[in-house]
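Working notes, beginning with the structure itself.
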Amino acid sequence: MAQNEMNRTDLLALERTKLANERTFLAYFRTFVVFLGSGMAILKIELFDKLAILGYFFIAMAVLILAVGIARFFYTKKQIEKMVA
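Spelled out as structure tokens, the structure:
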């Protein structure tokens, strides 16, 4: 169904879907920031020297979470555009 053939309900549903995709990406980004901040805090606080491996783990997980979030965002965006075309 072409964009000009879509009625108002379909257009609104499409916009809601796009906004949901962006909201999901922001949730991934928020999780990335928390994991990154936690990992860096563990590494910087001398009291947690024995937990340094956990800090590195959190930082690695943060990078992985961000990569998955970006990949899912663009994959979903592509699928939405494919449905419209």
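In numbering that gives the first Met the number 0, the protein residues as written are 0 to 84.
Ideal placement from N, C-alpha and C gives every residue a C-beta, glycine not left out.
Endpoints, the alpha helix (DSSP H) within which residue i is located
| i | result |
| --- | --- |
| M82 | 51–83 |
| E21 | 7–43 |
Neighbour-count burial assignment, residue i, 16 or more Cβ in a 10 Å radius
| i | result |
| --- | --- |
| I41 | buried |
| I44 | exposed |
| G68 | buried |
| G36 | exposed |
Proximal residues to residue i (C-beta, below 7 Å), its chain only, five neighbours per side dropped
| i | result |
| --- | --- |
| T30 | I64 |
| A17 | For clarity, residue 17 is Lys in the given sequence; the question names Ala instead. If we look at K17 and ignore the five residues flanking it on each side, its Cβ neighbours are I79. |
Beta carbon of residue i nearer than 9 Å to that of residue j
| i | j | result |
| --- | --- | --- |
| M60 | F34 | yes |
| N20 | F72 | yes |
| T23 | T75 | yes |
Sequence-distant residues of the same chain with beta carbon closer than 6 Å to residue i, five excluded per side
| i | result |
| --- | --- |
| G38 | G54, F57, I58 |
Close Cβ partners of residue i (< 8 Å) along its chain, the five nearest in sequence each way excluded
| i | result |
| --- | --- |
| A51 | I41, L42 |
| F28 | L65, G68 |
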